[in-house]
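Residue numbers (the working numbering): 1289 to 1481.
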């Protein structure tokens, strides 16, 4: 296991290099750096906003840049970036997740741009945009009652499970998804309908 601060491009490069040295050429990447902070736009300071952008689209761009040589040489070069429903769904008259929404929207734009540029090289690049997802950890951006309201507001009536998102990522990295690129696929129980 390797650790590093992905807001630092050198850490991203070291991570790709370590994976290459340990396992051989990098064929696939799943970029899932992120956090969600509910707050009013007026309350976001410049440093926190810059940190959010560095941690999410900045980290994704750095990982992708450093892995591209391996990905282009691979017969199965595939990338999945994890976005979020917060880049697509906004509630009026209440604080949301503005910094996270901006960062996840930037990830989607980067993925589409890179997918267009590297499609002929055989590299597929897609995004998975989860809805409210049940977590095992104690950290949460919303309280337990809000989790229930989120499930009630979801057309399927339940929260996503981590396995729901993982199953789509595994499919997108696999051989049956070679013609899928530049897409943002929502796994949210219909939340963004």
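The beta-carbon is built from N, C-alpha and C at its ideal position, and this holds for glycine as well.
Every value quoted in this text rests on a predicted model; they were computed, and no experiment measured them.
With respect to the alpha helix (DSSP H) encompassing residue i, which residues constitute its N-terminal and C-terminal limits?
i            : result
residue 1357 : 1347-1361
residue 1298 : 1297-1311
residue 1486 : Because the chain here runs from 1289 to 1481, residue 1486 falls outside it and cannot be looked at.
residue 1432 : 1432-1441
residue 1330 : It is not in any alpha helix (DSSP H) - residue 1330 carries neither H nor E in the DSSP assignment.
residue 1339 : 1334-1341
Which residues mark the beginning and the end of the beta strand (DSSP E) in which residue i is found?
i            : result
residue 1238 : As displayed, the chain neither begins before 1289 nor continues past 1481, which places residue 1238 out of reach and without an answer.
residue 1317 : 1316-1319
Straight-line CA distance for residue i to residue j?
i            : j            : result
residue 1390 : residue 1325 : 12 Å
residue 1468 : residue 1313 : 22 Å
residue 1409 : residue 1457 : 21 Å
residue 1405 : residue 1363 : 17 Å
residue 1322 : residue 1365 : 23 Å
residue 1328 : residue 1383 : 5 Å
residue 1374 : residue 1392 : 8 Å
residue 1438 : residue 1357 : 41 Å
residue 1301 : residue 1447 : 35 Å
residue 1297 : residue 1291 : 13 Å
residue 1532 : residue 1412 : The requested residue 1532 is not part of the displayed model; the chain covers only 1289 to 1481.
residue 1311 : residue 1397 : 30 Å
residue 1435 : residue 1423 : 11 Å
Could you say which of the options lies nearest to residue i if we only look at CA atoms?
i            : options                   : result
residue 1349 : 1365, 1432, 1363 and 1401 : 1401
residue 1370 : 1407, 1318 and 1352       : 1318
residue 1462 : 1445, 1414, 1305 and 1297 : 1414
residue 1460 : 1449, 1316 and 1297       : 1316
residue 1480 : 1466, 1442 and 1305       : 1442
residue 1445 : 1421, 1395 and 1411       : 1421
residue 1476 : 1470, 1412 and 1376       : 1376
residue 1478 : 1465, 1289 and 1417       : 1417
residue 1450 : 1440, 1433, 1419 and 1336 : 1419
residue 1333 : 1386, 1353 and 1431       : 1386
residue 1354 : 1379, 1299, 1339 and 1455 : 1299
So, helix, strand or coil for residue i, using DSSP?
i            : result
residue 1458 : helix
residue 1417 : strand
What are the partner residues of residue i, as DSSP defines its beta bridges?
i            : result
residue 1412 : 1366
residue 1384 : 1327
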